[in-house]
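Residue numbers (this note's numbering): 64 to 219.
The C-beta atom is built at its ideal place from N, Cα and C for all residues, glycine as well.
So the structure is just underneath, and the comments pick up after that.
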Ligand SMILES: [Zn+2]
């Protein structure tokens with residue numbers, strides 16, 4: 064279970080495990096208000112060379128483990144949604160990849176977007192991929208995942 068928080072990746076990088084994470088008010092699974100600290104997990108983001116420590120909590124009632132994560136990232140994606148969108152806009156409108164990111168990954172995002180738009184929205188969006196990107200997010204679907212994946216594990 065992941066909860067997205069309004070925190071700065073750069074602050075977390077600078078402060079490491081001393082960064083003050085705001086504890087969730089209750090367990091997103093069972094709504095119990097007692098959560099215990101459950102250590103940290105080292106995560107990597109493409110905008111940083113070093114990993115950063117993300118805080119975890121555990122619910123003693125139902126056993127759920129909750130990881131806190133900065134806003135703006137799809138689950139299991141290391142590149143921000145902002146950067147992925149910028150790459151797709153560049154590719155669709157200018158037929159170019161962004162120069163500072165590997166072509167393979169940008170191709171991967173575009174290919175998955177096409178597949179997901181077709182699978183979830185049908186042919187009427189196939190020529191409007193960028194609108195499809197936004198539409199899938201509003202449907203809680205990660206538009207660039209290699210599987211049609213629900214975002215409902217993310218609580219905002
Ligand atoms: Zn719980």
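Secondary structure of residue i, DSSP reduced to three states
i: residue 118; result: strand
i: residue 111; result: coil
i: residue 73; result: helix
i: residue 86; result: coil
Exposure of residue i, with buried meaning 16 or more beta-carbon neighbours within 10 Å
i: residue 93; result: exposed
i: residue 99; result: exposed
i: residue 97; result: exposed
i: residue 142; result: buried
i: residue 89; result: exposed
i: residue 71; result: exposed
Opposing strand residues paired with residue i [DSSP bridges]
i: residue 67; result: 132
i: residue 100; result: 120
i: residue 106; result: 115
Cβ separation of residue i and residue j, assumed to be a contact under 8 Å, to the nearest whole Å
i: residue 209; j: residue 175; result: 5 Å
i: residue 119; j: residue 101; result: 4 Å
i: residue 179; j: residue 204; result: 7 Å
Every unbroken beta strand (DSSP E) inside the segment 126-196 [3 residues or more]: Within the segment 126-196, the complete beta strand (DSSP E) runs of at least 3 residues are 128-133.
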